[in-house]
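Undergrad:
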Amino acid sequence: MTVTVRAFAPGDEHSLIESWNRSLPADPTTAAWFRDCVLLDPNFEPEGLRVAVAEGRVVGCAYAVRRLTPLAPGTDLEPEAGWIPFFFVAPDHRGGGLGRRLLTEALEFLRARGRTRVDFASYTPNYVLPGADPELYPDGFALLTDLGFATLYSPVAMDRTLVGYLTPHDVHELRAKRESEGYGFRSPADGELPELIRFAADEFNPDWGEAIRHHRDPTRMVIAKKRDRLVGFALYAAYRGIPERFGPFGVDEGERGTGLGKILLHLTMTRMRAEGLHSSWFLWTGVASPAGHLYARAGYQVTRRFHVMRWTA
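Those letters in the sequence shown? Residues 1 to 313, per the UniProt record's numbering, in order.
#1: Would you mind listing the beta strand (DSSP E) stretches within the stretch 147-234 that are 3+ residues and don't spill past its ends, in chain order?
#2: How many angstroms separate the CA atom of residue 270 from the CA atom of residue 211?
#3: Using three-state DSSP, classify residue 1 as helix, strand or coil.
#4: Under the three-state reduction of DSSP, which class applies to residue 307: helix, strand or coil?
#5: Using a 10 Å radius around the Cβ and a threshold of 16 neighbouring Cβ atoms, would you call residue 307 buried or exposed?
#6: With C-beta atoms as the reference, is residue 70 less than 8 Å away from residue 123?
#7: Kindly list the residues whose CB is nearer than 8 Å to the CB of residue 249, restricted to its own chain and excluding five residues on each side of it in sequence; keep chain order.
#8: Rounded to the nearest angstrom, how far is the Cβ of residue 183 from that of residue 224, given a contact under 8 Å?
#9: By how many angstroms is the C-alpha of residue 121 removed from the C-alpha of residue 130?
#10: Below 8 Å on the Cβ atoms is my guess for residue 51 versus residue 37; work out the distance and round it to an integer in Å.
#11: Let me know if residue 97 comes out buried or exposed under the rule of 16 or more other beta-carbons within 10 Å of its beta-carbon.
#12: Distance check for residue 148 and residue 114, CA to CA, integer angstroms please.
#13: Which word fits residue 1, buried or exposed, when buried means at least 16 other C-beta atoms lie within 10 angstroms of its C-beta?
#14: On the premise that residue 81 lies in contact with residue 46, defined as a C-beta separation below 8 Å, what is that separation, rounded to the nearest angstrom?
#15: Quick check: the stretch 273-280 against the stretch 184-198, are there 3 or more CB pairs under 8 Å?
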């Protein structure tokens, strides 16, 4: 059977989704996600989405993307950086080097446009997974390694049931103590959202600021203020509108160790439970980081491990 590798063309999306869901069974996608997060991404270039086609159907692909528009106001185009957010080969077309060919063409697309650093798979805001999952997709991880991608760091996904959740008594006591010291915890007013966006973008990550900008539901946000100064925040339902997805979440560096993160986390889980949500989960934290320890103490468990990987010219 002849397989052709070429740029994405209109009409490929239907069989691409079908092939994706056969190839990546732990991470199925939908036509709506592919439309919104790939085709309508302002950085999308059809030439960067390399598809393998056999008998008129997509049987594999590798997606290369670079920034054509800034991630957020005040950021640049990261002219040295490119990303491969996802790739796959249908099960019945593996073993003949098709995955290597697709990834090589994706890398060449980026190299030809001056990219000297390519990350798998941490493209914000539209990544599929934080990185490679060597447990569920060992062949894909091995191929990335063979092509020269090296692991930068290894975040984990975590999950916690909210069934039967009760705010611990010590959290109530800690909140009362902090409030007596001049801290306040509540949803932001509309007029405070610009401050919250700037705080998240400047102190943490521009992507977090944009997540808040596009969220637009303050009832699913909790902020901590010390008198009139914003010192922390926590959100849920910020990414793709998924209610049970927690984050982003951050506390001012100078306020860490005061228990604000613990209070914000439990206040958010209380709100999630009040909506009838059955779990809280997220894709990305450092398991040995202070945040990772906080989540573990709050009952979260590691559900997956990823490797953020980088290729350099």
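Even for Gly, the Cβ is constructed at its ideal location relative to N, Cα and C. Remember, it's a predicted structure, so these values are computed and weren't measured experimentally.
TA: Working from what's here:
#1: 150-153, 156-161, 183-186, 221-226
#2: 21 Å
#3: coil
#4: strand
#5: buried
#6: no
#7: 233, 234, 235, 261, 264, 265, 268, 291
#8: 6 Å
#9: 6 Å
#10: Wrong, their Cβ atoms sit about 17 Å apart, outside the cutoff.
#11: exposed
#12: 18 Å
#13: exposed
#14: Not really, about 20 Å apart at Cβ, beyond 8 Å.
#15: no
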